[in-house]
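Notes for the one structure printed next.
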Amino acid sequence: MNQVSCSSLALSKDGRYLLTAGDRVIKVWDYGMRFDVNFQVYIGHSEPVRQVAFTPDQRHVISVGDAIFLWDFLALPAERSPQDG
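Structure, rendered in structure tokens:
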């Protein structure tokens, strides 16, 4: 899961997603994906993450460490403009 340690785990209500927190990284594991890589990585904390949880509507992830972050993990990736390459 996480290479250093896992400080917090959370499972979504439907059992599809698993959150893990390790060091300064949050991963959202998706059991419905059929690819070699079945997780999303969120980086933003400058100190270790102590706790992760899903919001009651299951659309966002909350992480607590040096700050409190609200992640929109179900959002579609931003479209790249032609200038981005």
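With the first letter of the sequence shown counted as 1, position 13 gets the number 14 in this note's numbering; the numbers rise by one all the way through.
All residues carry an ideal CB built from backbone N, CA and C; glycine is no exception.
Rounded separation between residue i and residue j - CA only
i, j, result
"residue 48", "residue 59", "25 Å"
"residue 42", "residue 14", "20 Å"
"residue 25", "residue 40", "16 Å"
"residue 51", "residue 71", "14 Å"
"residue 67", "residue 20", "18 Å"
"residue 18", "residue 6", "19 Å"
Beta-bridge partners of residue i, as assigned by DSSP
i, result
"residue 52", "65"
"residue 71", "63"
"residue 22", "9 and 27"
Element boundaries [beta strand (DSSP E), containing residue i]
i, result
"residue 31", "26-31"
"residue 9", "9-12"
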